[in-house]
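Inspection log for the structure reproduced underneath, given as C-alpha cells.
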Amino acid sequence: MDNAATGNTETGENLLEQDSLTPEEIVRELDKYIIAQEDAKRAVAVALRNRWRRLKVEGSIKEEITPKNIILIGPTGVGKTEITRRLAKLVRAPFVKVEATKFTEVGYVGRDVESIIRDLVEHSVHIVKEEERKKVRKMAEEMAEERLLDVLLPSSARRDDLSTALLDSESENEGSEELKADDSMRRSREKLREMLRAGRLEERIVEIEIEKSVHTSMQILGPAGFSEIEGQIKDMFSNMIPRQKERRKVKVKEARKILSREAEEDLIDHDRVAQIALKRAEQTGIVFIDEIDKIAVPTHGKGPDVSREGVQRDLLPLIEGCTVGTKYGSVRTDHILFIASGAFHASKPSDLMPEFQGRFPIRVELKSLTSEHFAKILTEPENALTKQYIALLGTEGVKLSFSDDAIQELATLTAEVNSKAENIGARRLYTVMEKLLETISFDAHKMKGKDVVIDKQYVKEHLDGFVEDPDLARFIL
Ligand SMILES: Nc1ncnc2c1ncn2[C@@H]1O[C@H](COP(=O)(O)OP(=O)(O)OP(=O)(O)O)[C@@H](O)[C@H]1O
Ligand SMILES: [Mg+2]
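If you read the sequence shown in the numbering used here, its first letter stands for residue 14, the second for the next number, and so on.
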C-alpha cells in the first residue's frame, strides 16, 4: 500500500489497520451484548466505517471530510451508554467517555473541556505504548535476564576480588589464570541461566535497583480540584529531576517482571510514541459525551442558565475543530468523532445551541424496552444477568438454572414494575434478579452440590408480593 492512500505519515504508521471492521461486523459484535436498538448500532457502525473510508480518500478532499457526529436519544436504561462502551472495546481507537455535567464553564471551579482532549491523547499514548512495548518485549526480556544474572552472580564484584588476588600473587602466567577465571565465570553464568529458564530460582530473593517514579515520590499539597494541575506539575518535574533509584528485595519472578518493564521503557522511542499517539488521536479518536441533555436549556425554563450554555459554548470549538495543547504536543480536533447521548426528558435536542446541534447531524432514537426484550437481555448477551448469577453461585458448588417460563415471568414482572413505578429500562432487571435470588445468595455456602432450578413458581413466590403493591415495587424493585 502506498503512503498517500493509507494515511501514512512520517511516523510510518498505518492508521488503516485500526478499524477495518465492516458495518455488518460491527453490528454483529454489538449484537453479542446489546439487544435490539438496531438503528443506533447501524449509525455508530457507519460512523466508524466512514473514518476508515476517509483515511483512504486521496487528495485535498480528505481534509474536508469531517466526521458525522451522532446524538443517541432515548429513555434511561435502554443501552445508550452500553453501545458506546462496547464500541470502545471493539475498536482499538483512542476513546474517552465523559459526562457533560462534570464540566464547568472556563473560569469556574471544575474541569475544563480541553481536559477531554488531553485524556484522549493520554489514552492514545497508552495504546501506542502497549504496541511499542510488544515490539521490544523479546529484547527487553533478554536484557532483564542478563540483569538478573548479574544480580545472582555479581561478576564485576568477583572480578575485582580476583584481580587484587592476582596482583598480590604476582603470578607469572597471569593471562591464562584470568582466562581460566573468565571461563569458569562464564560456565557458572550459563548454568545459572539454565536454572533460571527452568524456573528453579523463581522463589529466590534478590536485591535489585529500580527506578522510583517521581509520581510516587513526590507529594504536592493543594486545594481540592487541584489534582489535574498536580499531575501536570509532576509530569513537568519528572523530566527535570534525575531519576531516583531505590533498592528493593523481591523474588526472582517479580524481579524479572520489574526489570523487563524497565527495559521496555528504555527501549521504546518515546518521541515516536508521542508522534504516533497524537496522530492517532487526531485521526481516529472518539469522544463520547454522556448526559448531553443535562446541558441543554429548555426554552420554557426560568431564563438562561449561564453555566449550562457556557459548557456548550466551551465544547463547541472542540467539536468544530480547534487546536488543543497537550504535554505531548498539540492536537487538531477536526476529525475526532463525537458521540453524544442523553435521555432528553426535561429538554429536547432543539434546546441545544443551534451551532451545537449543527455539529451533530445524526440523531438516533433508542426505543423503550418491552418484556420480550427483557427476556432476551436476561439470557442472550455474553454478560447476561442469568449467566452472571450461574457463574457466581457455581463457585459455591450450586448449580443454578432458569426455566423458560421463569424468564418469561421475570420479563413480564419487570415490564410491569417499569410501568407502575418509574421506567428505568433494563436497569430494573438488576434489582429484580437480586431480590429473586436473595435467599439463595445468602445460603449458597450451605447448599454445596445442589441443583437449583428457578421456575415460574419460584419467581411468583418470591416476587409477586412486591410487584402487586405499588409502594413496595417503588422502594424495593
Ligand atoms: N438493549 C440492551 N441490551 C442489553 N442490555 C441492556 C440494554 N439496554 C440496557 N441494558 C443494560 O442496562 C444497563 C444500563 O444501560 P445503559 O447504561 O446503556 O443506559 P442508558 O441508555 O445509557 O441510560 P441513561 O440515560 O440513564 O444513562 C446496561 O449496563 C446493560 O446491562
Ligand atoms: Mg447512560
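In this text, a Cβ means the ideal position worked out from N, Cα and C, and glycines have one as well.
Quiz prompt | Alpha-carbon to alpha-carbon, residue 275 and residue 206 | solution = Here residue 206 corresponds to residue number 193 of the sequence shown, with the count starting at 1. Here residue 275 corresponds to residue number 262 of the sequence shown, with the count starting at 1. Looking at the two C-alpha atoms, the distance is approximately 20 Å.
Practice problem: Compute every distance between the C-beta of residue 89 and the non-hydrogen atoms of ligand 1, then say whether any falls below 7 Å. | Solution: The residue you call residue 89 lines up with position 76 of the sequence shown. It does: the Cβ of residue 89 is within 7 Å (strictly closer) of some heavy atom of ligand 1.
Quiz item: So, helix, strand or coil for residue 89, using DSSP?
Solution: For the purposes of this step, residue 89 is identified with residue 76 of the sequence shown, where counting begins at 1. DSSP places residue 89 in coil when its eight states are reduced to three.
Quiz item: Between residue 432 and residue 486, what straight-line distance do the alpha-carbon atoms span, to the nearest angstrom?
Solution: In the sequence shown, counting from the first residue as 1, residue 432 sits at position 419. In the sequence shown, counting from the first residue as 1, residue 486 sits at position 473. Rounded to the nearest angstrom, the two C-alpha atoms are 11 Å apart.
Practice problem: In angstroms with no decimal places, state the Cα-to-Cα distance between residue 426 and residue 480. | Solution: As a first step, residue 426 is located in the sequence shown; it is residue number 413 there, counting from the start. As a first step, residue 480 is located in the sequence shown; it is residue number 467 there, counting from the start. Going by the C-alpha atoms only, they are around 7 Å apart.
Quiz item: In angstroms, rounded to a whole number, what distance separates the CA positions of residue 442 and residue 390?
Solution: To locate residue 442, count along the sequence shown from 1; it is residue 429. To locate residue 390, count along the sequence shown from 1; it is residue 377. One C-alpha to the other measures close to 9 Å.
Quiz item: Which value, in whole angstroms, describes the spacing of the CA atoms of residue 220 and residue 273?
Solution: Translated into positions along the sequence shown, residue 220 becomes position 207. Translated into positions along the sequence shown, residue 273 becomes position 260. Using only the alpha carbons, I get a separation of about 15 Å.
Quiz item: So does residue 93 have its beta carbon nearer than 7 Å to some heavy atom of ligand 2?
Solution: Position 80 of the sequence shown, counted from the start, is the residue given in the question as residue 93. Yes.
Quiz prompt | With 16 other Cβ atoms within 10 Å as the buried cut-off, status of residue 287 | solution = Sequence index remark: in the sequence shown, residue 287 carries index 274 (1-based). In the assembly as shown, residue 287 is a buried residue. Its beta-carbon has 16 or more other beta-carbons within 10 Å.
Self-check item: Candidates 42, 484, 349 and 413: closest to residue 134 by CA position
Solution: Taking the first residue of the sequence shown as 1, we reach residue 134 at position 121. Here the closest residue by C-alpha is 349.
Quiz item: Under 7 Å from any heavy atom of ligand 1, does the C-beta of residue 360 make it?
Solution: Numbered from its first residue, the sequence shown carries residue 360 at position 347. Relative to ligand 1, the beta carbon of residue 360 is positioned no closer than 7 Å to any heavy atom.
Quiz item: For residue 467, which residues from the same chain have a beta carbon less than 6 Å from its beta carbon, with the 5 sequence-adjacent residues on both sides left out?
Solution: The residue given as residue 467 occupies position 454 in the sequence shown. Cβ within range, chain order: 415 and 419.
Quiz prompt | Distance cut-off 7 Å: residue 399 Cβ against heavy atoms of ligand 3 | solution = This structure lacks ligand 3; the ligands present are ligand 1 and ligand 2.
Exercise. Check whether the region 129 to 144 touches the region 293 to 300, counting contact only when three or more Cβ pairs, one atom from each stretch, lie closer than 8 Å.
Key: At 8 Å Cβ cutoff, the stretches touch.
Exercise. Confirm the yes/no value for this check: CB of residue 367, any heavy atom of ligand 1, distance under 7 Å.
Key: The count along the sequence shown starts at 1 and reaches residue 367 at position 354. Judged by the Cβ position, residue 367 fails to qualify as a neighbour of ligand 1 at the 7 Å threshold, every heavy atom of the ligand being at least this far.
Practice problem: Quick one: residues in its chain with C-beta nearer than 7 Å to the C-beta of residue 335, no 5 flanking neighbours on either side, listed in chain order? | Solution: For the purposes of this step, residue 335 is identified with residue 322 of the sequence shown, where counting begins at 1. Correct list, in chain order: 346.
Quiz item: Any heavy atom of ligand 2 within a distance shorter than 7 Å of the CB on residue 354?
Solution: As a working mapping, residue 354 is identified with position 341 in the sequence shown. Residue 354 Cβ: within cutoff of ligand 2.
Quiz prompt | Whole alpha helix (DSSP H) elements within the region 357 to 431, 4-residue minimum | solution = Every alpha helix (DSSP H) of 4 residues or more that sits fully in the region 357 to 431 is shown, in chain order, as 367 to 371, 384 to 392 and 398 to 407.
Practice problem: Note down, one range per segment and in chain order, each alpha helix (DSSP H) of at least 4 residues found wholly within the region 30 to 68. | Solution: Complete alpha helix (DSSP H) runs here, min 4: 36 to 44.
Quiz prompt | Check whether residue 140 and residue 107 have beta carbons under 8 Å apart | solution = Taking the first residue of the sequence shown as position 1, residue 140 is located at position 127. Taking the first residue of the sequence shown as position 1, residue 107 is located at position 94. Going by beta carbons, residue 140 and residue 107 fall inside the 8 Å limit.
Quiz item: Between residue 48 and residue 386, which are expected to be in contact by the criterion C-beta below 8 Å, what is the C-beta distance as a whole number of angstroms?
Solution: Taking the sequence shown and counting its residues from 1, the one referred to as residue 48 is at position 35. Taking the sequence shown and counting its residues from 1, the one referred to as residue 386 is at position 373. Sure, about 5 Å apart at Cβ, within 8 Å.
Quiz item: The alpha helix (DSSP H) with residue 126 in it runs from where to where?
Solution: Locating residue 126 in the sequence shown gives position 113, counting from the first residue. From DSSP, residue 126 is part of no alpha helix (DSSP H); its letter is neither H nor E.
Self-check item: Status (buried if at least 16 other CB within 10 Å, exposed otherwise) for residue 222
Solution: Start at 1 with the first residue of the sequence shown, and residue 222 comes out as number 209. Result: exposed.
Practice problem: Could you please give the first and the last residue of the uninterrupted alpha helix (DSSP H) stretch that includes residue 70? | Solution: One-based indexing of the sequence shown puts residue 70 at position 57. It is not in any alpha helix (DSSP H) - residue 70 carries neither H nor E in the DSSP assignment.
Quiz item: When DSSP labels each residue in this structure, what does residue 177 get in the three-state scheme?
Solution: Sequence index remark: in the sequence shown, residue 177 carries index 164 (1-based). Only weak support exists for where residue 177 lies, its pLDDT of 48 falling under 50; the value from the coordinates is given anyway. Reduced to three states, the DSSP call for residue 177 is helix.
Quiz item: Can you find a heavy atom of ligand 2 that lies under 7 Å from the Cβ of residue 327?
Solution: For the purposes of this step, residue 327 is taken as residue 314 along the sequence shown, with counting starting at 1. Not under cutoff, so the answer is no.
Quiz prompt | Nearest-angstrom Cα separation, counted from residue 447 out to residue 388 | solution = Against the sequence shown, residue 388 aligns to sequence position 375. Against the sequence shown, residue 447 aligns to sequence position 434. Between the C-alpha atoms of residue 388 and residue 447 there is a straight-line separation of about 16 Å.
Self-check item: Pair within 8 Å by beta-carbon distance, residue 449 and residue 465
Solution: By 1-based counting over the sequence shown, the position of residue 449 is 436. By 1-based counting over the sequence shown, the position of residue 465 is 452. No, these two residues do not count as a Cβ contact at 8 Å.
Quiz item: Under the rule that 16 or more other beta-carbon atoms within 10 Å means buried, what is residue 488, buried or exposed?
Solution: Counting from 1 along the sequence shown, the entry for residue 488 is found at position 475. Counting C-beta atoms within 10 angstroms of its own C-beta, residue 488 has fewer than 16 neighbours from the protein chains shown and is therefore classed as exposed.
Quiz item: Going by beta carbon distance, what residues of the same chain come within less than 7 Å of residue 429, once the five residues before and after it are set aside?
Solution: Taking the sequence shown and counting its residues from 1, one reaches residue 429 at position 416. The residues 480, in chain order, have a CB closer than 7 Å to that of residue 429 in the same chain once the five nearest residues on each side in sequence are set aside.
Quiz item: What does residue 343 pair with, by DSSP beta-bridge criteria?
Solution: Reading the sequence shown from its first residue, position 330 is the one you call residue 343. Paired residues: 338.
Self-check item: Of the listed residues 285, 461, 344 and 213, nearest to residue 142 (C-alpha basis)
Solution: Position 129 of the sequence shown holds residue 142. Looking at the Cα atoms, 285 is the closest of the given residues.
Quiz item: Can you give the beta carbon distance from residue 381 to residue 436, rounded, assuming they're within the 8 Å contact cut?
Solution: The residue you call residue 381 lines up with position 368 of the sequence shown. The residue you call residue 436 lines up with position 423 of the sequence shown. The pair is a contact, with the Cβ atoms about 7 Å apart (cut-off 8 Å).
Exercise. Please classify residue 332: does DSSP put it in a helix, a strand, or coil?
Key: By one-based count along the sequence shown, residue 332 stands at place 319. In the structure shown, residue 332 adopts helical secondary structure according to DSSP, grouped into three states.
Exercise. Indicate the three-state DSSP secondary structure (helix, strand or coil) for residue 172 in the structure shown.
Key: Locating residue 172 in the sequence shown gives position 159, where the first residue counts as 1. At residue 172 the pLDDT is 49, less than 50, meaning the model places this residue with poor confidence and gives no usable figure here.
Practice problem: Measure the alpha-carbon distance for residue 69 versus residue 477 and round it to whole angstroms. | Solution: Here residue 69 refers to the residue found at position 56 when the sequence shown is read from its first residue. Here residue 477 refers to the residue found at position 464 when the sequence shown is read from its first residue. Residue 69 and residue 477 have their alpha carbons spaced roughly 58 Å apart.
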